[in-house]
Amino acid sequence: KSKSAKIVPVVRKGKPEFRRKPMDQVAREGDTVQLECETSLNELIPLPTITWTKDDLRLHSNKTRISPEGTLTISSVTIEDTAKYRCIVESENGRISAQAYLTVNAPPRIIIPPERQLVKSGERVEMRCVAYGNPAPIITWFKNGSSIQPTNKIKLQSQNSLLVITHVDEKDVGLYTCLAQSIHGNAESNGELRVRPDGPRPPTFTTRPYPVIAPVGSSVEFPCQAQGDPHPTLEWTKDGEPLHDSRHKVFPIGSLRLYNISRNDKGTYQCKAANEFGEVIAAAPLIIEDEESNIDDNTIIRAVESAEANVDRAINSTISTLFSKKGSKSPSALMRLFRYPDEIARSAVRAADIYENTLLNIRKHIASGLQINATDDFYYEDLLTLDQLQLIARLSGCMEHQNYNCSDMCFHSKYRTIEGTCNNLEHPYWGASHTGFRRILRPIYENGFSQPVGWNKNRKYNGFSLPSARLVSTTLIRTESITQDEEITHMVMQWGQFLDHDLDHAIPSTTAESWEGLDCKKSCDYSPPCFPMEVPHGDSRVWNRRCMDFIRSSAICGSGVTSVFFNKIQPREQINQLTAFIDGSQVYGFTTNRSILLRDYSSDLGLLRTGIQHPDAKPLLPIAGVQEVDCRRDPTESDIGCFLAGDIRVNEQVSLVAIHTIWLREHNRIAEKLKEINPHWTGEIIFNEARKIVGAEMQHITYKHWLPHILGKKGMERLEKYEGYNPNIDPGISNEFATAALRFGHSLINPTLARLDYNYNSIPEGELPLGKAFFAPWRIVDEGGADALMRGMIATPAKKKMPQENLNMELTERLFTSFHAVSLDLASMNIQRSRDHGIPFYNEYRKYCNLTDAKTFDDLSKEIRDPVVRDKLQQLYGHPGNIDIWVGGILEDQIEGARVGPLFRCLLIDQFKRMRDGDRFWYEYSSTFKPSQLTQIKQSSLAKVLCDNGDNITHITRDVFTLPRLQNPSLVKCEDIPGIDLRFWYECEDCENSLNPREDNGHHFNEEAMEERVEGLEGIVAELQKTVKNLKRRMKVMSGICKDHKGKLRKDGEGWQQDDCT
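This is how it looks when you write it as structure tokens:
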């Protein structure tokens, strides 16, 4: 018999507990996110209620769903979903909650783009660019592809989202680009600005004078018209002097008419248009026909015009190819892109190219018609008058000197110029940028002044033809075997490259085509500037081409072919784009324009510009504009652009990007600290003081910490101690140092770059093959940052140079690898570059450095002990007198304790001594820093710089150039490493008024104390007045002489004043 039963639920008493709590999450826009929330009472009855809030408000959204277990699912998240989410569990027995933060990252998106505007001249223009993204994107503005920096006229406001241009004029016309960039990508938008002339504006020419050729006795007219508001006045001069000849007349419209001209009227006529807003000048020559000349001036003008067209066509074609955004770039194109001259360098090089091409055009003219012997040995000065040569120089723009001004001694006594001028006040161009390299030995060119050795393939040297640079590389230089150095770290190599980019950069040709239109990439012919490297038969890698392209360095005006300007032959000399001083030019730039581009003018704090920034990390370098550089070998690899720094080669390899980033941060760290110590300092003072300290740190690190590893103990003894500044020493970089000796560092490069995490273990992405490190700046953003690379440099050994292990094959066979292109060969390029620059052979420098003059290859046995190496040298060169300088120097056995052989040590000592002793701002020179400040500078080390400026470097080796296992302890805390105490740069704002009432250690002077002090001062003043009266009486009886503040005798009535700076 059945019975009824009643089920009574068992209710567990107690407060709810979480089994799973929601966890903080980071998601990308568009992802689906789940936030779990599960309690221990889910299976019981009655079930607890679970609700969710977003930023403490009840969650209501169509794209959210809460499962029965309590998990919150959010579909297709956006930035708006970034918030604090809270799970609330409520039951009869209590209430509990747990929260989690959801961060949604999104690439930049421009929601308000800049608009196209047409405005009147003189108006105010605002361009707005509002970008959306997380983290908030950094906004950078560009005009026609070049970075925009704030000026008195251009302002960037609202975190760069607003660009304001006041008093616009025709110069402001262009395409303005807003680039929004973060670690997750970038977006850009363009707005065109057009200006309609109206209102006050400076003059511009509507008609310019042009060259005129006329016979004696004729009349000629130079046109000149200008516009502006107010209307400009026109003034004519001849060769810089005002016109006073009554035979000449200036018409109201501005043209100049010359009547009954004579030979004395020959010269350059200048028309100057000026109003209160500015002035412009246009010039044109008057050329008197000369029937006695073999070549008339009209022929010269046509030759110059043709040369300008040829050069500009080649330059424009090269720029169009290099800066094209289409597809991936070849390694050779990337190499040229990185080293392509800036505007100032291009101007100097273009002038020299036009001059040289004009002379070539004249030579063709001679060969085609005139009855003159046009052999290879003819001299232009036999055919052209000095006036004609100077005419070519003027028309081409080839000038002998730059402009400089060393008159502001308040500045020049304390700070360097960016260009390096005025360091030596007697020789203002010694060590300056854009000047010719110095020479140790006279160069060798096959025609005596411009053609490199090897240009004539049939020419013999000591009875033998020179070997192909590529053949020397594959036979003697490259190695697949690697031996690790037992003492030094890879940082020795990296500091060497960073230092090199502060000292020298030979300006390459501005064109990748010959004047005849020959593409250097597609031809194996020698035709300036093309100087390709022949590929030997049976080459192990390059089998589908006869040559590897190579483009010559540019020559400075007045050397090589253009030396006829000076009425004598001067061998071709290359241009150093950088200053010769260790002054941080790779951080600050080498021209005023580049320095302005790098500085942050948004505040008066003396800072350098920065770029995108990871959360909880320090800023990276600023992003470059498309007209400045687009270095990516394959744009599909990443949206991250290329970086901008003082040296144009910053993006060459990713570890170089890292050390550039560290030193950018070091400048800003110092600048911020100096502003804190001296709040009254202007941004200009802060910038120059911080730059001065950074340069001093680099000098100290180089000479005290790095150079001993390179030169060894005996080499440092030969360098000798610093004895002070010597104004008679030219500090200029020698061509031999830049082209050969300092390139010893290539033998220290390992085939991989280690990347280590906080605990000095490999990061998840692992080691980076060198071939993938080139032209890939995005890796510093996406793969471990600067810290990982810097830790790898200080914790791993450098490659050791062995007799048959010189350059690793990543540098000779896989350099700048990219898709479907022939990789470059660094060793071949070094050899070809020394020939291009006319560097004499190895044996000539052996004699200069007091080594034996090698007559046979066995005479090299003291410096190159391996007989196999000497046998290969003999097979390649045939005679020891034919060995290229870099080849001989790199093959020498290293001196004990050094990383170079005797020849390179000799050349390095010569240059490092000159750079130190010939630098008026050397950090140890008595007038550069106060003694207390110099003591602080000597505390600096690269280890401390890395600690201060890494994102999270807390432990490091004391000596970053020595392997950790040789140090005890191997790693130390960053706070245990001494650094510079910038408090010694404190400068009293108004020390003369320090007796005024002010806070002193938090205490105020009371009024009674101040009254007593004033009474005391009044008594002192009364006593001083009596003293002055007595002195006046005594002066009356003295003879009419006195002494000034320097003790110099002065006559009665003579006046003088102290120096303003004092």
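Using UniProt numbering, you'd call the opening residue of the sequence shown number 1 and step up by one each time. Every residue, glycine too, gets a C-beta built ideally from N, C-alpha and C.
query                                                                                                                                                         : result
Taking the beta carbon of K618 as the centre, do at least 16 other beta carbons fall within 10 Å, making it buried, or is it exposed?                         : buried
Taking the alpha carbon of A284 as the point to measure from, which residue in G228, P209 and N316 has its own alpha carbon closest?                          : P209
Round the Cβ separation of G918 and I729 to the nearest angstrom and send it over; I've been treating them as touching at under 8 angstroms.                  : 4 angstroms
Based on Cα-Cα distance, which residue from F737, E896 and P107 lies nearest to E863?                                                                         : E896
With distances taken Cα to Cα, identify the nearest neighbour of I213 among Q388, R247 and S158.                                                              : Q388
Which term fits Q157, buried or exposed, when burial requires 16 or more other beta carbons within 10 angstroms of its beta carbon?                           : exposed
Within 10 angstroms of the Cβ of Y355, are there 16 or more other Cβ atoms? Answer buried if so, exposed if not.                                              : buried
Where are the beta strand (DSSP E) runs, 3 residues long or more, that stay fully inside the stretch 752-818, in chain order?                                 : 797-800
Q244 to W236, Cα distance in whole Å?                                                                                                                         : Rather than Gln, the amino acid found at residue 244 in this sequence is His. Going from the Cα of H244 to the Cα of W236 covers about 10 angstroms.
For F205, which of helix, strand or coil comes out of DSSP?                                                                                                   : strand
Report the option in K692, L578 and H501 whose CA atom is closest to the CA atom of S927.                                                                     : K692
Taking E69 as the reference, which of A131, T39 and I96 has the closest Cα?                                                                                   : T39
Going by DSSP in three states, G30 sits in which element: helix, strand or coil?                                                                              : coil
What three-state label does DSSP hand M698 in the structure shown?                                                                                            : helix
Look at the Cβ atom of A738, then the Cβ atom of D504, and state whether they are nearer than 7 angstroms.                                                    : yes
Determine the direct distance from the alpha carbon of N447 to that of K799, and round the result to whole angstroms.                                         : 40 angstroms
Considering just the uninterrupted stretch of the beta strand (DSSP E) at K266, what are its terminal residues?                                               : It is not in any beta strand (DSSP E) - K266 carries neither H nor E in the DSSP assignment.
Applying the criterion that 16 or more other CB atoms from any shown protein chain within 10 Å of the CB defines a buried residue, is Y725 buried or exposed? : buried
Under the assumption that L674 contacts E652 (Cβ atoms under 8 angstroms), give the Cβ distance between them as a whole number of angstroms.                  : In fact, because the Cβ distance is near 32 angstroms, the residues do not count as touching under 8 angstroms.
Could you tell me the boundaries of the beta strand (DSSP E) in which H487 lies?                                                                              : Per the sequence presented here, residue 487 reads as Glu, with His not at that position. Looking at the DSSP string, the run of the beta strand (DSSP E) that includes E487 is T483 to T489.
Rounded to whole angstroms, what is the Cα-Cα separation between G369 and V280?                                                                               : Residue placement at G369 is poorly supported in this model, since its pLDDT is 46, which falls under 50; the coordinates are not used for a value here.
Are three or more beta carbon pairs between the stretch 890-909 and the stretch 846-859 nearer than 8 angstroms?                                              : yes
Within 10 angstroms of the Cβ of H434, are there 16 or more other Cβ atoms? Answer buried if so, exposed if not.                                              : buried
What does DSSP give as the partner residues of N668 in its beta bridges?                                                                                      : Note: N668 sits in no beta bridge, so no partner.
Quickly, what does DSSP pair N85 with across the bridge? List them, please.                                                                                   : According to the sequence displayed, residue 85 carries Tyr and not Asn. Partner(s): K54 and A100.
Residues bridged to H955 by DSSP?                                                                                                                             : K973
What would DSSP say about S926, mapped onto helix, strand or coil?                                                                                            : coil
Tell me where the alpha helix (DSSP H) around residue 1104 begins and ends.                                                                                   : For residue 1104 there is no data in the structure shown, the boundaries of the chain being 1 and 1062.
Specify the secondary structure class of L472 as computed by DSSP and reduced to three states.                                                                : The sequence as given places Val at residue 472; Leu does not occur at that position. Of the three classes helix, strand and coil, the one that applies to V472 here is helix, per DSSP.
Check for me: the alpha helix (DSSP H) holding A827 runs from which residue to which?                                                                         : L826 to D836
Would you mind sorting P202 into buried or exposed? The rule is 16 or more other CB atoms within 10 Å of its CB.                                              : buried
Expressed to the nearest angstrom, what Euclidean distance is found between the alpha-carbon atoms of H746 and E637?                                          : 27 angstroms
Name the one or two DSSP bridge partners that C547 has.                                                                                                       : E534
Determine the closest residue to A351 out of S595, L395, G185 and I66, with distance taken between C-alpha atoms.                                             : L395
Just the C-alpha distance for K249 and P242, rounded to the nearest angstrom, thanks.                                                                         : 13 angstroms
Do you know offhand how far V89's Cα is from I79's?                                                                                                           : 27 angstroms
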